[in-house]
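Undergrad: There's a structure below that I have some questions on.
Numbering (the working numbering), first residue to last: 5 to 312.
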């Protein structure tokens, strides 16, 4: 079986939910027009990855200015499900493609870095909340739990997603492998040259196809009053991309591409999955369950809720 896959290397319209959703709709339509059966969008595409922001925090200190920075970011997050997910689902249905997209999700007063999955029938299949925000991300984001670690068994393969530096968590990767992931989606904010070797390692380790993408954003795409520690030059690129598609033996099928918005596509020969398992199966003959055991707590950790 052959599957045409796409990764959309595009930037959000920072803090503008409406414009970011409209951009997602346009690129989903583009992927559909090119025959993609799955398309992956970057981390935090709706409605911004706040590159260079510190929310004016130091240990033991918060400021009114930093609180307002957070308020603007919070207002640009979405509820799941909600009107924005309805629109993305409709776009996926019209394009007849699976869509995997990074969003900032708002629940109660907490934001989560979340990946949403949509089916080619327009349905919202589920979500994954990032387990471990990295470094300064913890200033603004909550922590996911084991209840949102899905792998969806679909006609084109088993689809799962691991976000950015979660990909450096060996036990999380092993969880995905043990669930049989074959289309391993890796939306990210990491645009460094070290990211592609990481993705190639995961493809080889998991014997799966890896679809990875990052935003391309200029400083000038952010509002004029956005405080960015990187640069104030409006033409400076603060997120550079680096999207790629990699096969189960680590061969790069498409990308990486930097500093431009683009849709990368590749035809995936799904028979490569079986061929790659010939000499290595990380969750099978190489797992050594007589020596090692992986335990995953998949129970939801509920927020405090009023009972009436």
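Quick reminder that beta carbons are idealized off the backbone N, C-alpha and C, glycines included.
Closest to residue 161 by C-alpha separation, out of 260, 212, 283, 109, would be which residue?
TA: Selected option, being the one with the closest Cα: 212.
Undergrad: For residue 104, which of 83, 110, 129 has the nearest alpha-carbon?
TA: Of the candidates 83, 110, 129, the one whose C-alpha sits nearest the C-alpha of residue 104 is 129.
Undergrad: Span of the beta strand (DSSP E) holding residue 5?
TA: Where residue 5 is concerned, there is no enclosing beta strand (DSSP E), given that its DSSP letter is neither H nor E.
Undergrad: How many Å lie between residue 280 and residue 89 at the Cα?
TA: Whole-angstrom Cα-Cα distance: 36 Å.
Undergrad: Extract the residue ranges of the alpha helix (DSSP H) inside the segment 171-259, only unbroken runs of 4 or more that lie entirely within it.
TA: Segments of the alpha helix (DSSP H) lying fully in the segment 171-259: 174-182, 199-210.
Undergrad: Taking 7 Å as the limit between beta carbons, can you name the residues of its chain near residue 39, skipping five residues before and five after?
TA: Once the five neighbours on either side are set aside, the close Cβ partners of residue 39 are 8.
Undergrad: Output the boundary residues of the beta strand (DSSP E) element that contains residue 131.
TA: Unbroken beta strand (DSSP E) run through residue 131: 128-133.
Undergrad: What separation, rounded to the nearest whole angstrom, lies between the Cα atoms of residue 255 and residue 72?
TA: Whole-angstrom Cα-Cα distance: 46 Å.
Undergrad: What separation, rounded to the nearest whole angstrom, lies between the Cα atoms of residue 295 and residue 209?
TA: Computed Cα separation, rounded: 19 Å.
Undergrad: Using the Cβ count rule (16 or more neighbours within 10 Å means buried), how would you classify residue 12?
TA: Counting Cβ neighbours within 10 Å, residue 12 comes out buried, since at least 16 surround it.
Undergrad: My guess is that residue 148 and residue 122 are in contact by the Cβ rule of under 8 Å, so how many angstroms apart are they, rounded?
TA: Their Cβ separation, rounded to whole angstroms, is 19 Å, which puts residue 148 and residue 122 out of contact at 8 Å.
Undergrad: Please go through the same chain and pick out, in chain order, the residues whose beta-carbon is closer than 8 Å to the beta-carbon of residue 289, but skip the five residues on each side of it.
TA: Within the same chain, residue 289 has no close Cβ partners at all.
Undergrad: Can you give me the Cβ contacts of residue 167 inside the same chain, cut-off strictly under 8 Å, excluding the 5 residues immediately before and after it?
TA: Result list for residue 167: 47, 106, 117, 119, 132, 134, 190, 191, 192, in chain order.
Undergrad: Please name the residue in 264, 110, 78, 145 whose C-alpha comes closest to that of residue 86.
TA: Of the candidates 264, 110, 78, 145, the one whose C-alpha sits nearest the C-alpha of residue 86 is 110.
Undergrad: Residues in its own chain within less than 6 Å of residue 257 by CB, not counting five upstream and five downstream?
TA: Cβ neighbours of residue 257 beyond the five flanking positions: 249, 251, 270.
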